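>
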Amino acid sequence: MNNNPPQIQYLQENLQSIRKIAKWTAEDLSKKIGVTKQTISNLENNRTRMNLTQYIAIRAVLEYEVEKNKENVLLPQVLNVIFDDENSQFSREAHENTEIKDKISMIGAAVAAGITITSIMSMISPLSSTSSTLPKVPNWLKNILK
Numbered sequence: 000m001n002n003n004p005p006q007i008q009y010l011q012e013n014l015q016s017i018r019k020i021a022k023w024t025a026e027d028l029s030k031k032i033g034v035t036k037q038t039i040s041n042l043e044n045n046r047t048r049m050n051l052t053q054y055i056a057i058r059a060v061l062e063y064e065v066e067k068n069k070e071n072v073l074l075p076q077v078l079n080v081i082f083d084d085e086n087s088q089f090s091r092e093a094h095e096n097t098e099i100k101d102k103i104s105m106i107g108a109a110v111a112a113g114i115t116i117t118s119i120m121s122m123i124s125p126l127s128s129t130s131s132t133l134p135k136v137p138n139w140l141k142n143i144l145k
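For the sequence shown, numbering that gives the first Met the number 0 begins at 0 and goes up steadily by one.
(1) What would DSSP say about proline 4, mapped onto helix, strand or coil?
(2) If you check the beta carbons only, do serine 40 and serine 104 fall under 9 Å apart?
(3) Output yes or no for whether 9 Å exceeds the beta carbon distance between arginine 58 and leucine 10.
(4) Along the alpha helix (DSSP H) that carries glutamate 70, what are the first and last residues, could you check?
(5) CB valine 77 to CB isoleucine 55, shorter than 9 Å?
(6) In the DSSP assignment, find the unbroken alpha helix (DSSP H) run with alanine 21 in it and report its ends.
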């Protein structure tokens, strides 16, 4: 049984897709957060549970990527679906809805395959009702550390 807070579970469940949407290899992400490529692989394949330190490190580099890379319009939208107000009813339903998980996975695969942004945007139209900005780092950090 996974006793991690829901936010950590959501990130781990979607880590591989998020990484692909950010256009990072497992090695890229591992270098950004100071772990081995094998650690990223283990997290993505649920061989190990993500811990709080890993969650904070990954969230921080994702936040930085959103701020730095304005051309990647998919990443903030997908992150909002996964993390936007973790306590909201929509967020709980989104994580129980396999259709949304499947769409996020499809988007990650499409980005990795080099599919055009226009084609990918049509996949996320049901997700686009969310805001395109993420909460400030102190808000999400405060939520996970409470």
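Even glycine gets a Cβ: it sits at the ideal position worked out from N, Cα and C.
Please read these numbers as outputs of a predicted model, since none were measured by experiment.
A quick look at the data gives this:
(1) coil
(2) no
(3) yes
(4) First-last for glutamate 70: undefined, no H or E at that position.
(5) no
(6) Run containing alanine 21: none; DSSP gives neither H nor E here.
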